[in-house]
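Structure first, then comments.
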Amino acid sequence: MTNTMDGFSMNIEQANMDKLKAVFPECFAEGKLDIDKLLSLCGEYIDNDFEKYKFEWKGKAECLRLAQKRSTGTLRPCPEESVNFDTTQNLYIEGDNLEVLKLLQTAYYRKIKMIYIDPPYNTGNDFVYEDDFADPMARYKEVTRQTTKSNPETMGRYHTNWLNMMYPRLRLAANLLRDDGVIFISIDDNEVTNLKRLCDETFGEENFAGQFPWRKRTAKSDVPFGISQDYEWVLCYARSDAFVACLEGGTRKYYETDDLPGRPWRIHDLTKQTSASERPNSFFTIVNPKTGEEYPANPNRTWAVTKETFEQYYSQNRIVFPGDYDFLNISKPALRYFKEDDMKKAGDKFGYIPASTNLPDIVGMTQDGTKEIVSLFECKLFGFPKPVEFTKHFLKMATITSKDDNDIILDFFSGSATTAHAVMQLNAEDGGNRQFIMVQLPEVCDEKSEAYKAGYKNICEIGKERIRRAGKKLTETDGQIKLGEEAKQPLDVGFKVYKLDSSNLKTWDAAPIEDDDLLTLYNRMNGMIHRVKPDRTDLDMVYEIMLKLGVPLTYSVQKIDLNGKSAYTVGEDCLLLICLAENVQPEDVEMMAEYAPAKIIISRDSFADDTAMSNAYYILRDKQIELKLV
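Residue numbering for the sequence shown follows my numbering, beginning at 4 and increasing consecutively.
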């Protein structure tokens, strides 16, 4: 009669099977994929060379299964730790990023414009923990109660442990990127080679966009082998060729002349670096029709056009000769480009230049990132932070042409939240509408650290406080309007805080019991009468429903009253209506339908009786509103 929600995240395996079934329905029988039949349909495109290059390590297959394993978690809202919870479009999620990435699949699949991460570099002392295939949520609970775990080379699985941590996270992250999306990953020499291979496999070798060297410090004297490792790397992979990186600074010099009113133009070299033997059709003498002056082609650098094309261009006013304009200092004919043509060719990239792997000095070094932390907190709370200008540079590269499109920026190793700071600052500078999603494990601060002494128990507390302080500082500066300026759109410096936890819905305990242990069976069945856990709030359930139905967590949630019963509308146009109240009657359902939502979600426990539930189905069916139960 209705669809019933469970406490699991998106089924990635099923989604992939559905895609295959849509393209190759003949390869499925009784819900199973016939792999031999699928391979036979692919014919010559199958690679049967078993000696081809592969990137393998112990645990790789299990990592892939782990990435596809459905999460039993949810994200619980924390308005008390948030800033502008009801209006902000930014998210801060506290939890294991593997589970969080799984939970984000439904709501943010193919919606992320840019990902930037600064993961553990596997130096031997940084944080690396083994994911638990059997019960990841239990492992997460355990990790949050302990200090960080190092990954020394003496463990014997130095690189393997790091790859097993990174691989499933990158696989899930790739699902979230838009077709024109891009990912930037910071890394040092310890794992740059393995990371490159990992990304080649995950995003495709053909989508490697570049590798940026970043100078993080000035040279040290006391270093192994006498070589100071002063650079780190940023690997860049596009989702597809729809992504084009660019930066400001592409404004060309155009001339405005009386003979061509309203048509600004520029000139370009009319020669090409080819010889007469290579391009015989372009080896000819150009004659100025107005003066008769001749301009023979250079045998080692011919004209860029043929004689026929030259004549066509001349008739279109696209050829400029020496002496045509007093302000031009040219000795041979040149090609005229009109601004209108440049704009048509470049589209939304007009006025911008291609990005370079040569990073400008303004991106700063580690010491600059440290100074920013000290400036905000008046003490050094975080080690080796990236400078805000560093992150801003890549933000510009990825989003400068779409700054007004509500681009979502994801960082699932957010650390001190430099990425969030950079997003807010760049929006303040160029008026953009970029949004951020930060994800960070609540890694416990060492009791001897400056952070712990300052009152911060874990890294998340540092990150959230940094966003608050940076946002306040930016608001004070950005809110100042000079005489004659128009009022600015309010800068979004808020963020909604969510924390990873087990699902709000109870799950059936399938552990074996003795045949005659009826009491245990009775207690299990009795415990499932009410599916929602007793310690969870309505708001917890509302956001889990949104998450599982693919509704972004930034959508507005409004509490309404229905005959004295509480319900919640989701979205400005009431995309969803959720009711978790008790004793729901058919007349209550009629009132819900007046809001004209696309879906109505009601707790199975909420109905007065089975008759009321059946009536609800028929009432909503007639009004073409989908009913879902939880």
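Just so it is clear, CB atoms sit at the ideal spot from N, CA and C, and this is done for glycine as well.
Taking only three categories from DSSP, how would you classify residue i?
i: Phe31; result: strand
i: Asp541; result: helix
i: Val237; result: strand
i: Gln71; result: helix
i: Glu597; result: coil
i: Thr150; result: Since pLDDT at Thr150 reaches only 46, below the 50 mark, its modelled position is unreliable, and the value read off the structure follows with that caveat. Thr150: coil per DSSP, three-state reduction.
i: Trp60; result: coil
i: Asn100; result: helix
i: Glu575; result: coil
i: Ile484; result: Confidence at Ile484 is low in this model, with a pLDDT of 45, below 50, so the placement of that residue is unreliable and no value is reported for it.
i: Met368; result: coil
i: Thr157; result: With a pLDDT of 49 at Thr157, under the threshold of 50, the modelled position of that residue is not reliable, and the figure given next carries that caveat. Three-state DSSP puts Thr157 in a helix.
i: Glu281; result: coil
i: Leu166; result: helix
i: Ile548; result: helix
i: Glu297; result: strand
i: Gln561; result: strand
i: Asp414; result: strand
i: Phe11; result: coil
i: Val592; result: helix
Can you name, in chain order, every residue of its own chain whose Cβ lies under 6 Å from the Cβ of residue i, other than the five neighbours on each side?
i: Ala423; result: Phe439, Met441 and Ile470
i: Phe187; result: Tyr119, Val237, Cys239 and Phe397
i: Val629; result: Checking the sequence, you will find Glu at residue 629 rather than Val. Answer for Glu629: Lys602, listed in chain order.
i: Asn436; result: Asp407 and Asn409
i: His533; result: Asp608
Starting from residue i, trace the alpha helix (DSSP H) both ways and give me its first and last residue.
i: Val647; result: Since the displayed the chain opens at 4 and closes at 633, residue 647 lies outside it and no answer follows.
i: Phe393; result: Val391 to Thr402
i: Leu623; result: Asp613 to Asp625
i: Lys22; result: Ile15 to Val26
i: Asp344; result: Lys342 to Ala349
i: Phe313; result: Lys310 to Ser318
i: Lys456; result: Glu453 to Lys456
Among residues of its own chain, excluding the 5 on either side of residue i, which ones have a beta-carbon nearer than 7 Å to its beta-carbon?
i: Lys63; result: Tyr170
i: Asn586; result: Ala611
i: Cys577; result: Tyr598, Ala599 and Pro600
i: Thr404; result: Cys249, Asp351, Lys352 and Tyr355
With distance defined between alpha-carbon atoms, name the residue in the options nearest to residue i.
i: Asp612; options: Ile15, Asp371 and Pro589; result: Pro589
i: Asp495; options: Ile115, Gly252 and Leu429; result: Leu429
i: Asn14; options: Asn284, Lys114, Leu175 and Asn167; result: Leu175
i: Ser609; options: Asp192, Leu36, Phe385 and Cys582; result: Cys582
i: Asp244; options: Lys389, Leu338, Gly98 and Leu180; result: Leu180
i: Lys114; options: Ile412, Leu444 and Lys451; result: Ile412
i: Arg321; options: Phe498, Arg269 and Gly553; result: Arg269
i: Asn178; options: Ala70, Ala307, Pro122 and Lys502; result: Ala70
i: Glu209; options: Lys223, Ile230 and Ala241; result: Ala241
i: Asp272; options: Lys223, Glu251 and Phe324; result: Phe324
i: Leu508; options: Thr360, Gly434, Ile38 and Thr77; result: Thr77
i: Cys66; options: Pro28, Met20 and Arg172; result: Arg172
i: Lys643; options: Phe246, Pro267 and Leu250; result: Lying outside 4 to 633, the shown extent of the chain, residue 643 is not represented and no answer is given.
i: Leu477; options: Tyr558, Gly434 and Ala337; result: Gly434
i: Gly386; options: Leu379, Lys293, Gln370 and Lys395; result: Gln370
i: Gly372; options: Leu384, Leu42, Gln108 and Pro388; result: Pro388
i: Val500; options: Met368, Gly229, Asp543 and Ser506; result: Asp543
So what does residue i bridge to, in DSSP terms?
i: Ala337; result: Asp272 and Val323
i: Asn461; result: Val447
i: Cys582; result: Ala570 and Ile605
i: Leu508; result: Val535
i: Arg304; result: Asn301
i: Leu94; result: Ile440 and Lys499
i: Met117; result: Val185 and Ile412
i: Ile289; result: Tyr298
i: Tyr258; result: Trp268
Could you give the residue range of the beta strand (DSSP E) that holds residue i?
i: Arg218; result: Phe211 to Arg218
i: Arg79; result: Gly76 to Pro80
i: Phe187; result: Leu180 to Ile190
i: Asp39; result: Here Asp39 belongs to no beta strand (DSSP E); instead the alpha helix (DSSP H) covers Ile38 to Cys45.
i: Leu630; result: Glu629 to Leu632
i: Glu554; result: Reading the sequence as shown, one finds Val at residue 554 and not Glu. Taken as a continuous stretch (DSSP letters only), Val554 belongs to no beta strand (DSSP E), as it is neither H nor E.
i: Glu251; result: Cys249 to Glu251
i: Tyr355; result: Tyr355 to Pro357
Counting only beta-carbon separations shorter than 9 Å, does residue i have a partner in chain C?
i: Ser417; result: Among the chains in the structure shown there is no chain C, since it carries only a single protein chain.
Enumerate in chain order the residues of its own chain whose CB-to-CB distance from residue i is below 8 Å, with the five nearest sequence positions on each side excluded.
i: Trp217; result: Ser189, Tyr234, Glu235, Trp236, Val237, Leu362, Val366 and Phe393
i: Gly466; result: Tyr95, Ser417, Gly418, Ser419, Ala420, Ala423, Met441 and Gln443
i: Val26; result: none
Is residue i near the ligand ATP, in the sense that its beta carbon is under 8 Å from a heavy atom of that ligand?
i: Ala177; result: Looking at this structure, you won't find the ligand ATP or any other ligand, since it has none at all.
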